[in-house]
Each structure stands twice: as C-alpha cells, then as structure tokens.
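In order, the protein sequence lines correspond to chains A and B. Sequential numbering of the first sequence, starting at 24, is according to this note's numbering. Sequential numbering of the second sequence, starting at 1105, is according to this note's numbering.
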Amino acid sequence: MTQTLTIVVDGVPVPASDGQSVAAALIAAGWASFGPHAKTGAPLAPYCMMGVCFGCLCEVDGRPGAQACLIEVRDGLTVRLGAPVPE
Amino acid sequence: MTERAEVLVIGAGPAGLAAAAAAAQAGARILLLDEQPVPGGQVWRGADRRLQDPAAKRRAGDSDTGAAEALAGLDHPNIDYVANATIVDATPERRVSWIGPPNGGPRLREAQADALILATGAQERPVPFPGWTLPGVMGVGALQLLLKQGVVPEGRIVLAGQGPLILLTYVQLRRARASVKAFLDFGPALPPFDALRQAGGILADPALFAKGVALAAARAVSGTPVHRAVDRLAAHGTDRVERLTFGSRGLSRSIPCDVVAVHDGVIPNTQLTRLLNLPHVWDPAQEAFAPAAGPDHEAAPGIWVAGDGAGIGGAEIARLSGALAGAAAAASVGKPADGRMPNLRAELRRKRRARTFLDALYRPAPLAAHLTEDTPICRCEAVTSSQIGAAVQDGAHGPNRVKTFTRAGMGPCQGRMCGNTLTRVIADITAEAPHAVGALRIRPPLKPVLIEDYLPPDPDTEQALERAPAHDA
C-alpha cells in the first residue's frame, strides 16, 4: 500500500494509507501506547484491532470515546490522544 | 422514526454476506448492518483491495478464498448495506437500534424487522498472563489485521499460543519479511489422544487437511525456534514489552522482544445474543458459550444465528450456516428459496466433522498455566485474579456477583475482554460446571453512546449543549 494521505495527531501530521484504520495508521507511525489507562495511568495500547478491547479509545474529529480501530483514515482527519509522540 | 426491514442481517462477514445473498436471491429485501468500515468481517478485511494487488494477494495466500464471490453478492438490488453501523440495542420483538454514519439526520436509527439474522462473528479468546496489558502485547488476530492493512510491525516478534490462526499468521509474517524470533507453542509435543480419535473428521475435508499440513511444514522448515508445552508466560517492560519469560518442558526461558502476539483460539461474540436473552450452552471443547439454535439456526421466533457467533467453525462453516439461515429467514417472510438446502446441510455436516478434529487438537490451555495472583483479568477496571478469587470466597456466586463485588466487566469494553475468563476462573475455584456458573448479563447500550447521538442535528440544540455546565465531579 502506498501512503496517500495525511491525518493530524495531536497537531502533528502523520502519513497514512488508504484503507487503514486510524489505529493501524498510529501503530505504523510508531505509537506503542494511545494514552494512559483511565484507572491505572499505565500506558494503554490496542489489543484486538477489531472493536472488542477498547484499548484504542481516543478523540476522532472532535468525537470523544471513538474506537480508532473501527474508523478508516481520511485525509485531514484529526485525532487527539494525549500520548507522547514517538521519537 | 422506526424503519421497517423485511430481513435484517447484523454483521457483514462470511455468514452475514451469505445470509443476505441467500435471502435476497429468494426475493426478500435485506437491511445489512455492519460495524466495520468495510465488508468481509475480520477474515476478509480489506480483501477487495488485496484482490486487485498481485503482491498483497500472494502474501494473503488462500485466506481470501471465497471473498470475491461473497463481496460481489452485495451488489444485489435487494440488499441495503450500511457500514459503520454500531448496534446499540435489540429486542426479542426484533426491534434493532444502531448508530449510523453521520448523514445529516439523527445518528441513532431504529428498525423493526420481520426476520432477524445475527452474524456477529468471533473474537479472539483473551489469554490473561502477567504483563499482558503492556503495549506491544496483542492478539495474533490483531497482528494479522495489521498485516491486512499493510502494516508490518517493526522489531522482534514472538508468537505464543496454538491453533490454525497463529500458524497462518506466522506464515504471513514470514512472507512479509517480519522478524519472528520464536514460536511458543502451548500444545504438547505429541497430539492429544482425543485428537487422534477424531482424525477421521479431518480426512472428511481434504482441502483443510492439506492446508494444515502445509502450514505445519512451513513452520518446521523455517528455522524459527519452536518451544513446546509452553506455560508461565510473562511479559516484562516499563512502558512497553521488552522481554518475555516462559516455561517449556520444565525449563525457564527468556527472550528479548518488541511485540508479543498471543492466540488460544477464537470464541463466539455473544454480546448481542446475550442481550436478547437467547439460551446459550457451554461448549467444553472450545471452552466458551455459544447460543443454542435449531437445525435451520433459528434461536428464537424470527431470530436466526449464523457463523462463528453461533459456535466457532471458521469461514466455510460460516458461509454455509449463513446461507441456510438466510434462506430460512426469507421463507419465514413468504419468500421460499429454491431446493439447494439439502446440499448445504450435507456440506455443513462434513465441515463440522473436520472442526471436531481441530477442537480436539487445540484444546484451550488451562487458565492456571499462565495466571498469577497479580494478573489483571478485567483490563478496563484493572481487577486481578486474586481479587476475583477473594470475591468468590466472600460469597460472590457467578460472574454477575463478582462484577458487583469487584467492578470486573464494568469498564468500557462491557465484559468483552473478561467475560470468558470470569466464567472459567469461577468454575475452577468452585469446581462447578461452567454452564452452571453462567455468564455476565449484557445490557443496552451494547456500546457506549454519546447523548448527542440521540438528538436531531439542530444548531440551537448544539449551542445549548455547549453552553450547558458540566455536571459536578
């Protein structure tokens, strides 16, 4: 797959490919964790990539509590994670 | 406004697609709702793109078999297919509500169906072990879904578990030139006696048998270290997994790694069938509940279950059971199908015999093989194995009492990630049958809903909501 579009993650432009989910694009770009666990504060990451585990919850296009693995990337889509940007 | 649907199908994987196609061919009108952005379920996720890309097609191997035909079935004029539809509620009277994609109207929609087919598929069985909440640890299915989306995880990968999917994913990772450092097999060195007794079943399905032999041979010649009879799995690291320790035939081992993918089979996704209060039975071979259904897959008046959501069988069994359910549902609304049913039933029986062999070959590992007292069982609420044990000792009988005592199953995933473990762990402690232990009750909304989804898109309302003070913390 070729990288054809750009999503914006916490203000940072991130390349993504057509047909990827937001969660897959974030993992491809190096995000290991999508933010702190609401209870423990430990880094939280997706486990299932298919809508079951809720480890990929984030804000997508202003909508809170979105499951990033169930949303396909679109050019200009915005994500708010609160997790550190990968080095 | 409540819409009317002649046949409403939930799920657009192999079973749902076959059900919709069969019912449409019989002349019924179908509303097909699917949570995913693209049709095909998990097994055929992104297949429409792969089939047009020779390199991707080759890497996928034969796991896309049947996808092209099934996806083409969606073009039938009688099928109204809606992607990105999240089911919120369903009633035994077949009234279904869902959050649809934004289209200018209210996002919460509702339909009254004459016939309802549930084809909600499977999820991977969560395998709790110390460190399984660390980033970098995921299901083998998740890793395979990344591959299907063109993402090859960087770094050193370790696969742990057993079953057909982990073997297939291993071969696909090798084709994608990923760095697989070790294969940790939960299974014993020799197949269990039960599997040998069922070996006749696999011979009834020569294609599946050949597939299995090819996968096992690919692993054998690959040079990847294979450790057998693996237990005491534990992931270590601070912000992500850095090392995996485990036992294998009495020895303790340690492997540095960046990604750990675990798999111990898949289990039916029963959120919707539980919400509908359908009867469920515990399958001791697959160690999971599945909805009980009649010969044509009718589970309650006007409600059919098909595919892996009705009991794990894989894509081929899903397709056959979906077609049977679709035809039966169409007949129930006065659109009888032609006479292909007897062939489908015979084929389904043959495939099920082969499945019995797989079930015997890959018995799920006992929870005690990997669990420690500190292992979180409920990931959302961070409830550990020992907290659940203490609740049971204090008189919490069954998963729902344990939930009240500990909050296990109360987080955002609504018990999807701990439900199967809760039943098994309580059964282990009390020595009761899992069927008697029961399962978590599932209530609407089936997934978290935003209050704005209930409201019409009125600019005044939106402004009023923005002005409204947040409730006191």
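We put the beta carbon where it would ideally sit given N, CA and C, even for glycine. Computed from a predicted structure; not experimentally measured.
Of all residues in the region 58-80 of chain A, only 60, 61, 62, 63, 65, 66, 67, 68, 69, 70, 71, 72, 73, 74, 75, 76, 77, 78 and 80 place a beta-carbon less than 9 Å from a beta-carbon of chain B. Distance from the CA of residue 1542/B to the CA of residue 1505/B, rounded to the nearest whole angstrom, comes to 11 Å.
Inclusion of residue 67/A and residue 83/A in the CB contact set at 8 Å is not warranted, their separation being larger than that value. In terms of beta-carbon proximity, residue 42/A lines the interface with chain B, with at least one pair separated by less than 8 Å. Below 8 Å, too few C-beta pairs join the region 42-62 of chain A and the region 1466-1482 of chain B to call them touching: fewer than three. Residue 108/A and residue 1336/B have their C-alpha atoms roughly 33 Å apart. The Cβ of residue 30/A sits no closer than 8 Å to any Cβ of chain B.
Taking all protein chains in view, the Cβ of residue 1558/B is surrounded by fewer than 16 other Cβ atoms within 10 Å, so the residue is classified as exposed. Residue-level contact check: residue 95/A touches chain B, since one or more beta carbons of chain B fall below 8 Å from its beta carbon.
Here residue 1323/B is buried: its Cβ has 16 or more other Cβ atoms, across all protein chains shown, within 10 Å. Apart from the 5 residues on each side of it in sequence, residue 1290/B sits with its Cβ closer than 6 Å to the Cβ of 1265, 1266, 1334 and 1469 in its chain, given in chain order. Shown here for residue 74/A: same chain residues with a beta carbon closer than 7 Å to its own, the five before and five after excluded, namely 90, 92 and 93 in chain order. In the DSSP annotation of this structure, the continuous segment of the beta strand (DSSP E) that includes residue 1285/B starts and ends at 1283-1289. Selection 1127/B, 1190/B, 1300/B and 1345/B evaluated against residue 55/A yields 1345/B as nearest (Cα-Cα). For residue 88/A, a Cβ of chain B is located within less than 8 Å of the residue's own Cβ. For residue 1277/B, not one C-beta of chain A is nearer than 8 Å to its own C-beta. Nearest CB-CB separation between residue 1484/B and chain A: below the 8 Å threshold. The region 1317-1332 of chain B makes contact with the region 1276-1289 of chain B: 3 or more CB pairs, one atom from each, lie closer than 8 Å. If you look at residue 1543/B, you'll find it isn't in any beta strand (DSSP E); DSSP assigns it neither H nor E. Shown here for residue 1353/B: same chain residues with a beta carbon closer than 6 Å to its own, the five before and five after excluded, namely 1333 in chain order. Secondary structure at residue 1166/B: helix, using DSSP grouped into helix, strand and coil.
At least one C-beta of chain B is nearer than 8 Å to the C-beta of residue 51/A.
One alpha carbon belongs to residue 1496/B, the other to residue 1503/B, and they sit about 9 Å apart.
One alpha carbon belongs to residue 87/A, the other to residue 77/A, and they sit about 13 Å apart.
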